[in-house]
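What follows is one structure encoded as structure tokens, with my remarks underneath.
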Amino acid sequence: MRSKVTVVGAGNVGATAAQRIFDRGYADVVLVDIVDGLPQGKALDILESGPVLGSDATIVGTNGYEETADSDIVVITSGIARRPGMSRDDLLLTNMRIVSSVVGDVVEHSPNSILLPVTNPLDAMAQRAHQVSGFPKNRIVGMAGILDTARFRTFLAEELSVSVNSIEANEILPCTTLLEGEYGINDLFVGVPVKLGASGVVEVIEFELTDDEMAALKQSADSVQELVDVMAEAS
């Protein structure tokens with residue numbers, strides 16, 4: 001039986017994620033969005049590409065969560081982008097409310113799923129998803145660092161005039177996960193190297209860092225903590 005992945009948010013990021021999953025036949029896909037007709041139309045377009053691409057996966061679009069029931073993975077892309085005149089806290093609190101609502105619906109319909117937040121600010125949204133869902137930390141996997149790693153490999157390949165496949169890439173992936181003492185950080189979601197498995201995050205990989213690298217990581221963690229504190233005051 002094929003796995004089931006729900007993608008919440010049918011904008012550019014969500015629709016592209018749904019397309020990639022469908023194209024490769026990784027899972028059957030449910031695309032969710034609050035805009036009537038939007039996920040249905042995009043899902044139909046993706047579905048009709050199946051005969052050309054050789055994918056026999058299924059994809060449906062919906063405005064509710066009933067069809068998402070028993071999803072194995074839920075990708076959360078819903079939220080707004082920062083607009084002119086909008087403060088960082090405005091963006092944070094708006095997306096916090098959106099993610100909180102989404103996670104509540106996901107927990108109701110897919111209580112055993114793995115959550116993959118993509119919404120910005122990512123680390124803070126992963127923290128919020130963990131708080132609202134009550135899921136164990138291994139089942140909250142924020143998409144952080146993978147994009148930066150891919151960009152870096154692309155830049156290296158362009159600079160060296162070689163294929164990106166010639167740029168070595170480890171199987172360990174950078175993701176946002178809850179740290180409990182690793183790298184000296186406690187009870188905070190931060191992007192670090194992890195091993196991923198079917199159950200989510202299997203292990204946090206701790207590399208030996210220089211003093212400057214540790215200082216940079218601490219500065220990043222402090223920034224996340226500031227966002228978490230703002231969310232706590234608003235809750």
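If you're matching positions, the sequence shown starts at 1 in the UniProt record's numbering and goes up one per residue.
The beta-carbon is built from N, C-alpha and C at its ideal position, and this holds for glycine as well.
On a predicted model such as this, the values are computed, not experimentally measured, just so you know.
{"Item": "The beta strand (DSSP E) with K195 in it runs from where to where?", "Value": "N186 to G197"}
{"Item": "If you reduce the DSSP assignment to three classes, tell me which class E213 lands in.", "Value": "helix"}
{"Item": "Would you check if there are 3 or more beta carbon pairs closer than 8 Å linking the region 119-134 to the region 92-104?", "Value": "yes"}
{"Item": "For V52, report the span of its alpha helix (DSSP H) as first-last.", "Value": "G50 to L53"}
{"Item": "Rounded to whole angstroms, what's the CA-CA distance from R88 to V52? Just pull it up for me.", "Value": "43 Å"}
{"Item": "Using a Cβ-Cβ cutoff of less than 6 Å, which residues in the same chain neighbour S78 once the five nearest sequence positions on both sides are dropped?", "Value": "V8, G9, I98 and V102"}
{"Item": "Can you name the start and end residues of the alpha helix (DSSP H) that A57 belongs to?", "Value": "That residue, A57, is in no alpha helix (DSSP H); it is neither H nor E in DSSP."}
{"Item": "Please list, in chain order, all residues of the same chain as N186 whose beta carbon is under 7 Å from its beta carbon, the five residues on each side excluded.", "Value": "L179 and E180"}
{"Item": "T210: which of Y183, I146 and N165 sits nearest, CA to CA?", "Value": "Y183"}
{"Item": "For M231, collect the residues of the same chain with a Cβ closer than 8 Å to its Cβ; drop the 5 residues on either side in sequence, then sort them by chain order.", "Value": "L92, L93, M96, A124, Q127 and R128"}
{"Item": "Quick check: the region 55-67 against the region 18-27, are there 3 or more CB pairs under 8 Å?", "Value": "yes"}
{"Item": "Would you kindly work out how many angstroms separate the C-alpha atoms of L44 and E206, rounded to a whole number?", "Value": "44 Å"}
{"Item": "Would you call the region 102-115 and the region 138-155 in contact, with 3 or more CB pairs under 8 Å?", "Value": "yes"}
{"Item": "Below 7 Å CB to CB, which residues in the same chain sit around V164 once its five sequence neighbours on both sides are set aside?", "Value": "R153, T154 and A157"}
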